[in-house]
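Quick note, the sequences are listed as chains A and B, same order.
Quick note, the first sequence lines up with residues 196 to 639 if you use this note's numbering.
Quick note, the second sequence lines up with residues 5 to 660 if you use this note's numbering.
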Amino acid sequence: MSISQGEERILVISHAHPDFSLGGGELAAYNLFQRYREHPAVEHAWFLGRIDRGRSATGALGLRRLDEYLWEQSISDWHLMQAQHRDSLTTRFADLIRALRPTIVHAHHYMHLGLGFLRVIKQVDPSIRVYMTLHEYMAICRNNGQMVKTDGRHLCSRASDEECHRCFPEQSVEDFWLRKHIFMRHFDLIDGFVSPSRFLRQRYIDWGIDPSRITVIENGQADEPVLPPRQLEQGDSRNRFGFFGQLTPYKGLHVPLEGLLQLDEARRRGIVLEVHGANLELQTPEYRDRVQALLQPLIEQGVVQWMGSYAPHELRSRMKGVDWVVVPSTWWENSPMVIQEAFLGGRPVLVSDIGGMAEKVRHDVDGLQIAVGNSSQWARAMAAVAASADAWDRLRLGIGKPMTHEQCASAHLQLFERRPSGSDQVISALSASTLTEGMGPRRP
Amino acid sequence: MPLAELVAAGTHSRKNQPPRAETCEGQQHQAKLPTEMRMNMFDRWAKRGRSAVSRPLRADPHISPVNVVLDDGLPGSLRIDRAIRLGDWRIVAGWSTGAIELAIRAADGGVAGTAFATPRLDVAAHLGVACGDGLGFVLVAPAKQGEAELLCGKAGRQVVHAIRTEPTALLDANALALMMPALGWLASRRTPFSQEWIDLVKAIPVGDAPSPVMRGMLEYAAANGGVRAGLASGWLSAPESAIVWLQDAEGGVHGLDRAFRMDREDVCTALALDMPVPLQHQPGFCVWIDGLTPGTTLDLKALHGNVIHQLAQALVVALPSDPVEAARQLFSAPADARLAERIAIMEMPVLDALIVADRHRWKTVPVRVHEVGSPMSEPRVSIIVPLYGRADFVEHHFIEFDRDPWLKRNADIIYVVDDRALIERFTTDAHMLHRLYGIPFRWIWGGANRGFAGASNLGASIATAPVLLFMNSDVFPQAPGWLPPLLDVLEQQRDIGIVAPRLVFADGSIQHAGMQFVRREELGIWINHHPFMGLDPSLDPHAHLSIVPAVTGACVAIRREDFERVAGWDDGYLIGDFEDSDLCLKLRREGLKSAYLPQVQLTHLERQSFRLLDQGPFRSQVLMYNALRHQHRWQDELEHVALESESGVVGPGVAA
């Protein structure tokens with residue numbers, strides 16, 4: 196295949212700018228933007244990040260730096276994912292599209308942006324190819340895209356007007372029909388979707404997106420070498436685990452904490468869990484109290500070490516100090532950045548055995564899959580690998596190198612090249628598996 | 005002077021007439037009603053002839069008591085207090101010091117009279133006796149031409165004096181009080197609710213003593229000042245011989261013969277302890293009243309035993325002019341299972357009047373049409389969508405319209421905002437939607453909530469295309485190209501007047517596949533049945549264009565000329581229901597059929613706007629009301645069409 200030199204003009208649109216917000220989606224979007232602008236196939240690339248200035252959205256556009264724009268936008272109707280400042284869609288945003296004349300718009304997310312911008316792009320110039328990377332299940336699931344029932348306890352496998360109404364009784368069955376109608380018809384305007392995981396792709400297919408329209412491309416990682424193993428002291432074992440992430444109930448830190456408390460003291464004292472977490476103070480008082488009650492005795496016994504929050508660029512250095520990374524999320528996840536970072540650093544990962552986690556971590560190859568929410572199984576698994584003489588070395592060798600940002604950008608440009616706008620053509624050759632083959636570890 | 009004027013004049017003069025001293029009138033005689041009556045027919049006197057009667061007295065009993073011979077042969081006194089002519093009757097009231105037979109001789113020699121003894125405490129006081137019972141008399145006889153004389157005495161009859169009838173304008177309170185038993189007797193002898201009867205009962209004061217055999221209560225009375233109509237409900241137990249009516253503050257008299265009667269277990273239980281006579285069957289009643297004014301009083305009265313009783317009184321509360329609000333109030337009255345029967349008797353006349361008045365007001369309300377984008381020239385179809393309660397559906401329409409090139413080239417789109425609360429938001433949203441979707445449209449605000457029929461008619465009034473497509477706001481096309489097949493039907497089959505597509509619910513099951521008329525005996529109404537509702541569309545026996553009894557109004561196409569010829573949607577229904585079948589039946593009268601086109605399918609989130617109204621009993625009462633109105637208009641047609649569909653005259657594939 197050949198990519199014509201310097202033809203594409205790519206506008207990357209993201210629901211946030213990583214200067215102000217550090218979610219995985221906006222980081223992935225920004226990294227791609229930076230690789231697009233360096234790529235020979237790209238004439239010009241821009242980044243448009245939505246910004247929240249803590250006031251009612253004004254719809255104003257502004258420059259962050261060269262080729263990077265900020266758009267003060269928000270959502271007025273989360274049910275129908277409708278932008279708060281709709282007037283700016285057909286005025287400022289349309290002006291931006293007219294002025295930049297992109298050939299491709301690569302949108303990351305619709306959250307915080309609304310869906311209307313997709314229509315305006317096609318209205319300004321129907322020949323602009325629009326691609327969207329799906330970062331979680333928000334179109335499918337009204338409950339913040341988590342696909343977890345609103346009781347917070349039950350995982351959800353399927354959206355339907357009737358079932359969604361049960362989670363949100365104040366919204367009628369018909370309201371959910373309207374919600375899907377507006378998502379589907381706006382998604383009709385999109386030339387192709389990118390999903391960082393096969394699991395998420397399948398959820399969107401189950402929901403109604405044609406399989407031929409969704410391609411799996413894993414998020415790229417920095418092209419860094421594997422981290423050296425943690426230096427072991429005399430009599431030390433591979434017993435240090437790291438939790439990295441938000442302390443929301445869905446990230447599931449409480450699961451291994453509960454498990455550790457259930458272990459007998461001798462086994463418990465053989466384990467250290469570093470908690471690199473943020474935003475516990477933003478959680479509900481119930482969850483806060485619950486986690487704190489679990490943390491306190493474990494910290495006193497030296498089993499848990501509270502490390503506090505971290506910036507994305509600090510993640511790598513913090514991983515140096517642990518042997519294992521734990522991802523005990525109680526929701527499906529998509530492609531958690533922390534798994535890719537752990538693999539990049541050469542750290543085997545213990546994950547819940549569902550969704551994107553089960554897809555990215557191969558059991559007993561590059562990590563372990565543990566029953567989601569099963570705290571005693573989590574503790575037993577941690578105790579077992581901590582006591583094992585060879586588990587760490589074996590699993591570490593099983594880790595493949597994640598796709599780099601450059602590979603990720605190239606994979607996207609291949610996708611864009613093969614699927615021109617307005618065509619019914621489906622690239623069956625460029626299936627999810629061929630695109631992602633060799634770009635990261637796969638489950639056999 | 006006509007009787008009515010007489011009574012009116014008499015009533016009017018009550019205040020102005022000072023009591024006449026010589027009647028010795030006091031409050032006592034009013035304090036006690038006549039308890040005893042003596043009726044003597046004087047036929048035998050008439051046979052004996054005039055010669056048998058003595059010369060009249062020289063003294064005038066109109067001025068002072070005259071000497072007479074009493075029935076017991078002893079001398080006594082007699083005085084005439086008042087003498088009047090009331091219609092065809094002459095009434096004389098007075099007193100005597102003892103029992104005495106009385107009669108009136110007309111100029112032609114005929115002798116007649118019915119006399120009533122009345123208590124006269126004033127006379128007793130004047131005479132210095134203890135008891136006034138029987139001292140007074142009222143004598144009533146048919147009035148004939150010429151002078152009449154008062155006769156008295158049992159054997160040796162005596163002409164007392166020529167009767168000097170007062171000017172009729174003097175039928176004042178005193179006269180009414182003195183003559184009451186005779187007036188009640190007169191009323192009892194007239195045809196109830198005849199004009200004469202009404203004039204009489206309006207004039208007669210009510211008795212003070214409660215009737216031992218009658219009870220009644222007015223629980224609710226309401227009227228609308230605009231249409232001067234209202235209704236009352238309550239309960240009543242009275243003997244069959246009693247005549248019962250409602251009397252408004254202006255004297256209007258309204259019988260209960262038209263009333264809807266109901267069992268009232270509560271009333272029966274309460275009265276069973278108290279009443280010496282068997283209770284009336286179905287004591288509960290509801291009745292509508294023409295000519296009732298809010299803020300006045302309404303009386304429940306009964307004429308029984310020559311006495312008029314006031315059984316109950318109620319203040320007439322105001323009934324809102326808005327038919328829906330009025331209906332809400334009216335339907336809250338207690339009812340039994342025969343709701344249909346009651347609504348037809350009671351609520352329908354009132355609500356009909358309110359609805360007519362309400363629709364009439366629409367004509368005076370300014371209507372505003374807004375153009376958004378450049379209007380289409382020579383459209384082939386006008387899509388008319390009323391909006392009520394929520395306007396967010398519009399964007400969903402535009403999402404679909406936008407991907408339909410034929411529609412964008414050929415459809416004139418009209419939104420009828422039928423909800424004041426939506427105006428402000430829609431004014432800005434309309435332009436935003438136009439910028440976002442680029443679809444030109446018009447929207448119209450009719451200054452009042454008109455309901456589906458009124459709003460749709462308003463939209464049609466500004467439509468420019470030869471075909472009108474009426475669509476509920478919660479109907480959404482599923483795919484482009486849905487309009488031409490509907491229009492083709494109307495273009496190619498002139499015998500079809502109206503055509504509707506298949507509609508499916510959000511879950512994909514059938515919502516509309518034509519309508520049938522089905523009799524619901526338990527409710528006493530015909531309803532519009534949606535066959536196959538809730539089933540998989542693959543189970544729809546209609547695969548092609550089919551003639552059906554009727555089609556839904558949620559999405560229908562009709563030629564504009566036909567629509568105008570049948571005067572559009574009937575806006576006389578409450579809120580909305582049955583307008584669609586009504587329109588189909590109007591077209592049927594014109595020889596035009598209703599057709600169902602299953603090949604075209606849209607989604608209908610049915611009743612989403614109705615969720616904004618309350619559910620529960622009011623909703624079903626409204627349905628009942630509309631069903632009754634529908635079948636009053638179309639009784640014969642409903643039966644015919646139902647028979648036709650049973651015999652297969654209409655059905656799958658007939659028009660294919």
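Virtual Cβ for every residue (Gly too), placed ideally from N, Cα, C.
This structure is a prediction, so every number in the text was calculated from the model and none was measured.
From Asp267(B) to Pro535(B), what distance separates their C-alpha atoms?
Within the second sequence, residue 267(B) is the residue found at index 263, counting from 1. Within the second sequence, residue 535(B) is the residue found at index 531, counting from 1. Going by the C-alpha atoms only, they are around 37 Å apart.
Just to confirm, is the Cβ distance from Arg454(B) to Asp422(B) under 7 Å?
Residue numbering aside, residue 454(B) sits at position 450 when the second sequence is read from its first letter. Residue numbering aside, residue 422(B) sits at position 418 when the second sequence is read from its first letter. Result yes, Cβ atoms of Arg454(B) and Asp422(B) sit closer than 7 Å.
Go through the segment 262 to 324 of chain A residue by residue and report every complete run of the alpha helix (DSSP H) that reaches 4 residues or more, in order.
289 to 295 and 311 to 319
Would you mind sorting Ile531(B) into buried or exposed? The rule is 16 or more other CB atoms within 10 Å of its CB.
Against the second sequence, residue 531(B) aligns to sequence position 527. Classification of Ile531(B): buried, given that the 10 Å Cβ count is 16 or more.
Element boundaries [beta strand (DSSP E), containing Ala186(B)]:
Counting from one through the second sequence, the residue named residue 186(B) turns up at place 182. It is not in any beta strand (DSSP E) - Ala186(B) instead sits in the alpha helix (DSSP H) that spans Ala177 to Arg193.
Under the assumption that Phe717(B) contacts His644(B) (Cβ atoms under 8 Å), give the Cβ distance between them as a whole number of angstroms.
Residue coverage of chain B in this structure runs from 5 to 660, which leaves residue 717(B) outside it and unanswerable.
Listed from N- to C-terminal order along the chain, which residues in the segment 388 to 419 of chain B have their beta-carbon within a distance smaller than 9 Å of any beta-carbon of chain A?
Asp396, Phe397, Glu399, His400, Ile403, Glu404, Asp406 and Arg407
Which residues bound the alpha helix (DSSP H) around Pro327(B)?
Mapped onto the second sequence, residue 327(B) falls at position 323. Where Pro327(B) is concerned, the enclosing alpha helix (DSSP H) stretches over Pro327 to Leu334.
Coarse secondary structure for Phe197(B), derived from DSSP in three states:
Residue numbering aside, residue 197(B) sits at position 193 when the second sequence is read from its first letter. In this structure, Phe197(B) counts as coil in the three-state DSSP scheme.
Leaving out five residues before and five after Leu641(A) in sequence, what residues of the same chain have Cβ atoms less than 6 Å from its Cβ?
For residue 641(A) there is no data in the structure shown, the boundaries of chain A being 196 and 639.
Evaluate His508(A) with the Cβ neighbour count: other Cβ atoms within 10 Å of its Cβ, from every protein chain shown; 16 or more gives buried, anything less gives exposed.
Here residue 508(A) refers to the residue found at position 313 of the first sequence. It is exposed - the Cβ of His508(A) has fewer than 16 other Cβ atoms within 10 Å.
Residues that Val368(A) contacts on chain B, provided the C-beta gap is smaller than 8 Å:
As a working mapping, residue 368(A) is identified with position 173 in the first sequence. Neighbours of Val368(A) on chain B, chain order: Ala510 and Asp511.
Along chain B, which residues have their Cβ under 7 Å away from the Cβ of Trp372(A)?
Stepping through the first sequence from its first residue, residue 372(A) is reached at position 177. Neighbours of Trp372(A) on chain B, chain order: Ala510 and Leu609.
Can you find a CB in chain A that lies within less than 7 Å of the CB of Thr475(B)?
The sequence position of residue 475(B) within the second sequence is 471, counting from 1. Note that residue 475(B) is Met in the sequence shown, not Thr. It does not; no Cβ of chain A falls within 7 Å.
Tell me where the alpha helix (DSSP H) around Asn461(B) begins and ends.
Here residue 461(B) is taken as the residue at index 457 of the second sequence, counted from 1. Element bounds for Asn461(B): Gly455 to Ser465.
Measuring CB atoms only, is the segment 74 to 81 of chain B touching the segment 99 to 109 of chain B, in the sense that at least three cross pairs come out at less than 8 Å?
yes
Mind checking if Arg436(B) is an interface residue toward chain A, Cβ cutoff 7 Å exclusive?
As a working note, residue 436(B) is residue 432 in the second sequence. The sequence given here places Met at residue 436(B); Arg does not occur at that position. It does; some Cβ of chain A falls within 7 Å.
Between the segment 82 to 95 of chain B and the segment 179 to 189 of chain B, do at least 3 Cβ pairs fall closer than 8 Å?
yes
Contact set for Asp688(B): own chain, Cβ-Cβ below 6 Å, skip 5 residues either direction
One cannot answer for residue 688(B) here, as it falls past the ends of chain B, which runs 5 to 660.
Name, going along the chain, the residues of the segment 284 to 312 of chain A whose beta-carbon falls closer than 7 Å to a beta-carbon of chain B.
Leu284, Thr285 and Gly311
Below 8 Å between beta carbons is the criterion; list the residues of the segment 430 to 461 of chain B that meet it against any residue of chain A, in chain order.
Met436, Arg439, Leu440, Tyr441 and Gly442
Does the beta carbon of Arg483(A) sit closer than 7 Å to a beta carbon anywhere in chain B?
The residue labelled residue 483(A) in the question sits at position 288 within the first sequence. By this cut-off, Arg483(A) is not an interface position.
With a threshold of 7 Å between beta-carbons, can His376(A) be considered close to chain B, or not?
Position 181 of the first sequence, counting from 1, holds the residue named residue 376(A). Closer than 7 Å: yes.
Taking the alpha carbon of Val325(A) as the reference point, which residue from Tyr225(A), Ile208(A), Arg542(A) and Arg230(A) has its own alpha carbon closest?
Residue 325(A) sits at position 130 when you count from the first residue of the first sequence. Taking only the C-alpha atoms, the option nearest Val325(A) is Ile208(A).
Please go through the same chain and pick out, in chain order, the residues whose beta-carbon is closer than 7 Å to the beta-carbon of Tyr577(B), but skip the five residues on each side of it.
Within the second sequence, residue 577(B) is the residue found at index 573, counting from 1. Ala457, Glu583, Asn630 and Arg633, listed in sequence order.
Hey, Gln482(B) and Gln605(B): beta-carbon distance below 7 Å or not?
By 1-based counting over the second sequence, the position of residue 482(B) is 478. By 1-based counting over the second sequence, the position of residue 605(B) is 601. Yes.
Pop quiz: Ala517(B) and Asp544(B) are said to be a contact at Cβ under 8 Å. What is the actual Cβ separation, rounded to whole angstroms?
Counted from its first residue, the second sequence places residue 517(B) at position 513. Counted from its first residue, the second sequence places residue 544(B) at position 540. That belief holds up - the Cβ atoms of Ala517(B) and Asp544(B) are roughly 5 Å apart, short of 8 Å.
Buried or exposed for Trp501(A), going by 16 or more other Cβ atoms inside 10 Å?
Numbered from its first residue, the first sequence carries residue 501(A) at position 306. That one is exposed.
Chain A partners of Phe480(B), CB-CB under 8 Å?
Counting from one through the second sequence, the residue named residue 480(B) turns up at place 476. Ordered by position in chain A, the residues that pass the 8 Å Cβ test against Phe480(B) are His376.
Could you name the residues of the same chain whose beta carbon sits closer than 7 Å to that of Asp64(B), not counting the 5 residues immediately before and after it, in chain order?
Start at 1 with the first residue of the second sequence, and residue 64(B) comes out as number 60. Counting only Cβ-Cβ distances below 7 Å, and skipping sequence neighbours, we find His165.
Give the secondary structure of Met218(B) by DSSP, where H, G and I count as helix, E and B as strand, and everything else as coil.
Start at 1 with the first residue of the second sequence, and residue 218(B) comes out as number 214. Three-state result, Met218(B): coil.
Mind listing the chain B neighbours of Asp356(A)? Cutoff is C-beta to C-beta under 8 Å, in chain order.
Position 161 of the first sequence, counting from 1, holds the residue named residue 356(A). Ala510 and Asp511, listed in chain order.
DSSP state of Ala276(B) mapped onto helix, strand, coil:
The residue given as residue 276(B) occupies position 272 in the second sequence. Three-state DSSP puts Ala276(B) in a helix.
Paired residues, beta bridge with Ser237(B) - DSSP:
Here residue 237(B) corresponds to residue number 233 of the second sequence, with the count starting at 1. Ser237(B) pairs with Tyr224(B) and Cys290(B).
Would Arg281(A) pass as an interface residue toward chain B - the criterion being a Cβ-Cβ separation below 7 Å?
Here residue 281(A) refers to the residue found at position 86 when the first sequence is read from its first residue. Closer than 7 Å: yes.
Take Glu565(B) and list the residues in its own chain whose beta-carbon comes closer than 8 Å to its own, dropping the five residues that flank it on each side.
As a first step, residue 565(B) is located in the second sequence; it is residue number 561 there, counting from the start. Pro470.
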